[in-house]
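Protein chains in written order, with the working numbering: chain A, 1 to 385; chain E, 1001 to 1385.
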């Protein structure tokens, strides 16, 4: 096991009826900004629950944070938040609203000239306005970590940042808030969480059996519960199990002391930036090809994953590897997510563009062995055509 | 899954050489008290590493905190701590030193008349002196939770408390600090951690498959690594895996949203209070009898545990239950821990005493179904003779 630090101070408040408890989690005299997305929370009763819990406080709203939240939009919230002297933000939504809010709270407190530098120049965040979340769309895990991914529309860039100051103070996880989600978003959430686990698990062994089994615990749960959710998206236990699995997939617990990959995410972000393909779908496109391309260097963990998660244990090593990849692809497709670029009408032109962008930005040394270069990215994407 | 709150702000710093990092975790101007036990840290180099890291600060020492830390001893530290205006405590040791330190920090800040009330009357803790830990004996999990168990010698009472104020600010987990442990203490640690998991897992199903599998992940790891540690107690990876398993066993992660038992601990504490039997050994005595006595109401989880952890899946239900109990007993005995009261020269007289003490204290409604009464405690202990 490698040396590690682990720190995660997010308070999780899980279960039906828990939105009302935000009242005692937010300082009574706080000037609160509620951030949310396109308005689905106004249709499913979450908005009413939140506003009831905040009764008697100064509350302003900032809505229309879009999927893959835009820097341009978020900077409007930063300006309003500063002007209105907001001192607590409540993000109500999925990963985009929560990620966007992390940028807002960091940018509001940023003392440099241009908050874009937090993303582009990785300027250190030295403070942030405190915030909490009400999660309505499980998948990204943003509700229990300090990271965020932000898109700048004008330059089609999708960049990430994180800081000890951008952990939510609390996150409310009420599975009932997911009951009105479209199937497409449930599928995305399951595949996103599943891929988060694989990015931290399918690397190389470092004698960390507990982390391995904890990763497998999440994979096995998503494998079981994901298909149930498509059949019955209003089953409380199913959605609760998916919600908690997605949170545990990216709160740091399974990452401690082990190498991590994240090349699939780096490549996938480009597909979203260029074509607006849902984040989870970009992962389902890139991951199988990346695993195949890297199957030799990931062999031990791939075989263990195949055996423990998919029950693959017959045949030669090569046959087992292939069966494991096919099982992964079949799972994504059973969740109604296509895994080929052509399914999204994306072709070689886009691959050329991505290669060019990576070259311009000097992207190199991706993956757990820092051995994925731009030429490898091209090969991987060609395998996904 | 049941509703739950989860909050654990302890920073874990894991790995070889990490003791030096306490320097940047403790405020530079803090007046530090270092608490420790019988002096083993002076023999294994940990003391030197700690003192080197604290060079340049005001440091006083409080040693001789005993196993099952005594209220009487700890109150001396409280008095010294107050007089010396200590504002940070560093606990260096195992669960006893860390539990004892949790009581010291809470008692130092206690504004009521008698800090004993924190234990006896469950008076609420409203503040505490901040503290960190350097763990040298894995098992209790105290390094990453806010609970403690304290013994009052004069009355032979062993009582617990916990508070959001008694989480360590940080805990250093360096597996190398365990290299000089006697085998007896390694065995105790493994069996203690294993039982912690079972107390949170062997109850009744509430459709929480992720929590189940995470619990099994720890059990499987301890099952594999425990015997390795007895053979080679200086294997870094083995001791590291045990250390991290023991921490994860009681940091709250596997407990969320599920019922918990803890009757084995309640009963076991009496055996330690009356006869000084090592904590882990009392668990190994009580647990198998309790599981057998409650095998009907714990059936679903016992069968799942037998199958997933011990590979028991042939025969009738009753045969599977018996094989599962036997596997558990065999595991404890393979860790060189006896599971019968007679092995510790304890007989029916002690059972009578425990029953009487529980009656006097009004102990009742133990276990996840609150259905274990004093008469049941007697039956369980009789089965352990």
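Idealized CB from N, CA, C, for every residue including glycine.
Along chain A, which residues have their Cβ under 7 Å away from the Cβ of residue 1245 of chain E?
-> 210
Paired residues, beta bridge with residue 1161 of chain E - DSSP = E/1148
Should residue 1213 of chain E be flagged as near chain A, meaning a C-beta pair shorter than 7 Å?
-> yes
Would you mind sorting residue 1033 of chain E into buried or exposed? The rule is 16 or more other CB atoms within 10 Å of its CB.
-> buried
What separation, rounded to the nearest whole angstrom, lies between the Cα atoms of residue 131 of chain A and residue 90 of chain A?
-> 6 Å
Any chance you could list the alpha helix (DSSP H) runs of at least 4 consecutive residues sitting entirely within the region 217 to 267 of chain A, in chain order?
-> 236 to 249
Residue from E/1343, E/1241 and E/1152 with nearest C-alpha to residue 1178 of chain E = E/1241
Could you check where the beta strand (DSSP E) with residue 184 of chain A kicks off and where it finishes?
-> Residue 184 of chain A -> not in any beta strand (DSSP E); alpha helix (DSSP H) instead, spanning 183 to 201.
Write down the C-beta distance between residue 196 of chain A and residue 249 of chain A rounded to the nearest angstrom, noting that I regard them as a contact closer than 8 Å.
-> 4 Å
Identified DSSP bridge partners for residue 1005 of chain E | A/13
Give the interface partners of residue 1220 of chain E over in chain A, defined as CB-CB distance under 8 Å, in chain order.
-> 209 and 213
Compare the C-beta of residue 1011 of chain E against all C-beta atoms of chain A and say whether one is closer than 7 Å.
-> yes
If you compare alpha carbons, which of E/1137, E/1169, E/1296 and E/1106 is closest to residue 1182 of chain E?
-> E/1137
Return the bridge partner residues of residue 1033 of chain E from the DSSP annotation.
-> E/1060 and E/1089
Residues bridged to residue 132 of chain A (per DSSP) | A/90
Is any beta-carbon of chain E found at less than 7 Å from that of residue 179 of chain A?
-> no
How long is the line joining the alpha carbons of residue 304 of chain A and residue 84 of chain A, rounded to whole angstroms?
-> 54 Å
Considering only C-alpha positions, which residue in the set A/40, A/57, A/3 and A/45 is nearest to residue 24 of chain A?
-> A/57
Name the DSSP bridge partner or partners of residue 173 of chain A?
-> A/14 and A/135
CB contact check: residue 3 of chain A to chain C, cutoff 7 Å | Considering every chain present, this structure includes no chain C. Its protein chains are A and E.
Proximal chain A residues relative to residue 1241 of chain E, where beta-carbon distance stays under 9 Å = 1, 207, 208, 209 and 210
With respect to the alpha helix (DSSP H) encompassing residue 1107 of chain E, which residues constitute its N-terminal and C-terminal limits?
-> 1095 to 1109
Does any C-beta atom of chain A lie closer than 7 Å to the C-beta of residue 1167 of chain E?
-> no
Presumed contact (8 Å Cβ cut-off) between residue 103 of chain A and residue 27 of chain A, rounded CB distance | That pair is no contact at about 22 Å.
Residues of chain A with a CB under 9 Å from the CB of residue 1016 of chain E: which are they?
-> 3
Rounded separation between residue 1256 of chain E and residue 360 of chain A - CA only | 47 Å
Which value, in whole angstroms, describes the spacing of the CA atoms of residue 277 of chain A and residue 271 of chain A?
-> 6 Å
Inspect the CB distances between the region 1192 to 1209 of chain E and the region 1149 to 1158 of chain E and report whether three or more fall short of 8 Å.
-> no
In the DSSP assignment, find the unbroken alpha helix (DSSP H) run with residue 39 of chain A in it and report its ends.
-> Element bounds for residue 39 of chain A: n/a, residue is neither H nor E.
By how many angstroms is the C-alpha of residue 1269 of chain E removed from the C-alpha of residue 1076 of chain E?
-> 24 Å
Counting contacts by CB-CB distance shorter than 7 Å, is residue 7 of chain A in contact with chain E?
-> yes
Spatially closest choice to residue 135 of chain A from A/37, A/124 and A/282, by CA coordinates = A/37
For residue 1054 of chain E, which three-state DSSP category applies?
-> coil
Three-state secondary structure assigned by DSSP to residue 372 of chain A = strand
Given that residue 237 of chain A touches chain E, what residues does it touch there, using C-beta distances under 8 Å?
-> 1001 and 1207
I think residue 1293 of chain E touches residue 1379 of chain E, with their Cβ atoms under 8 Å apart; what is that distance to the nearest whole Å?
-> 6 Å
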